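Structure first, then comments.
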Amino acid sequence: MKFLKFFSLFLLACVVLYLAVGIFLPKSATLERKAEIHAPAGLVLDSIIELYNDHIWPIWEHGDTSIVFTPLENANGYRWEGQKVAYGECEYFIEANNILRDVVRFRGQEIAQTVWTLEGSFPVQLHLRFTIHAGNNIGTRWTNLFIERMAGLEIDNILERLRNKVEPEGIVNHNP
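Under the working numbering, the first residue of the sequence shown carries the number 915, and numbering increases by one thereafter.
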């Protein structure tokens, strides 16, 4: 009985500590990548849009094979629903000066945003900024501490896929 009381107090202390520290953690975290891509800016932008059409963010899948993707009706992007990952959507906007921005909503809450900025015409300097917004969600604030470990490799893989797709075509089709 004494052990159960001690264990309960220990567990309560861990929960209180988790919440108390979580309140002071940052409400957002940003992961940035820069890459030089040897292809015309238009081709790079078109290929980024194709990535969205292929559901660019497998980060959200977590091995859920039940996910069903559907296109958004009145916007660019897609919606998903699955047993493990619940539901969400990714909407993207093409802005002036070769900027593409997306907003990811998960269970109705805006939780992430990506900004792709393309500078130059050939080669292109690509700057990707991925931000997760935790707001008052303590669990997501803790997750933000590990953004590099959780999403860094996947974002690097996305950029590598993009580079492998456009560089051979861009170099062949580029007219100086």
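Idealized CB from N, CA, C, for every residue including glycine. Only a predicted model underlies this, so the values are computations on that prediction, with no experimental measurement involved.
- request: State whether the segment 952–960 contacts the segment 1052–1066, with contact taken as three or more CB pairs (one from each stretch) at a distance under 8 Å.
  value: no
task: Could you tell me if residue 928 is buried or exposed, where buried requires 16 or more neighbouring beta carbons within 10 angstroms of its beta carbon?
output: exposed
- prompt: What do you get for residue 1010, buried or exposed, if any count of 16 or more other CB atoms within 10 angstroms of its CB means buried?
  reply: exposed
query: Do the segment 1024–1032 and the segment 1042–1055 make contact, defined as three or more Cβ pairs closer than 8 Å?
result: yes
message: Looking at the secondary structure, which residues open and close the alpha helix (DSSP H) in which residue 963 lies?
response: 955–967
message: Which residue marks the beginning of the beta strand (DSSP E) containing residue 1002, and which one marks its end?
response: 1000–1009
- request: Reducing DSSP to helix, strand and coil, say where residue 942 ends up.
  value: strand
- prompt: DSSP three-state call for residue 906: helix, strand or coil?
  reply: What the structure shows of the chain is the stretch from 915 to 1090, and residue 906 is not part of that stretch, so it cannot be assessed.
- prompt: With 16 as the cutoff for other CB atoms within 10 Å, does residue 1077 come out buried or exposed?
  reply: buried
- prompt: Which first and last residues belong to the alpha helix (DSSP H) in which residue 1055 is found?
  reply: 1052–1058
field: Spatial distance of residue 997 from residue 962 (CA atoms)
entry: 28 Å
message: Against chain B, does residue 983 count as a neighbour if the rule is that its beta carbon must be under 8 Å from one of theirs?
response: No chain B is part of this structure, which consists of one protein chain only.
- prompt: In this structure, what does DSSP give as the bridge partners for residue 990?
  reply: 1006
message: What residue range does the beta strand (DSSP E) around residue 1026 cover?
response: 1023–1033
query: Does the separation of the CB atoms of residue 981 and residue 1003 fall below 8 Å?
result: no
Environment of residue 985 [buried if 16+ CB atoms lie within 10 Å]: exposed
query: How is residue 927 classed by DSSP in three states: helix, strand or coil?
result: helix
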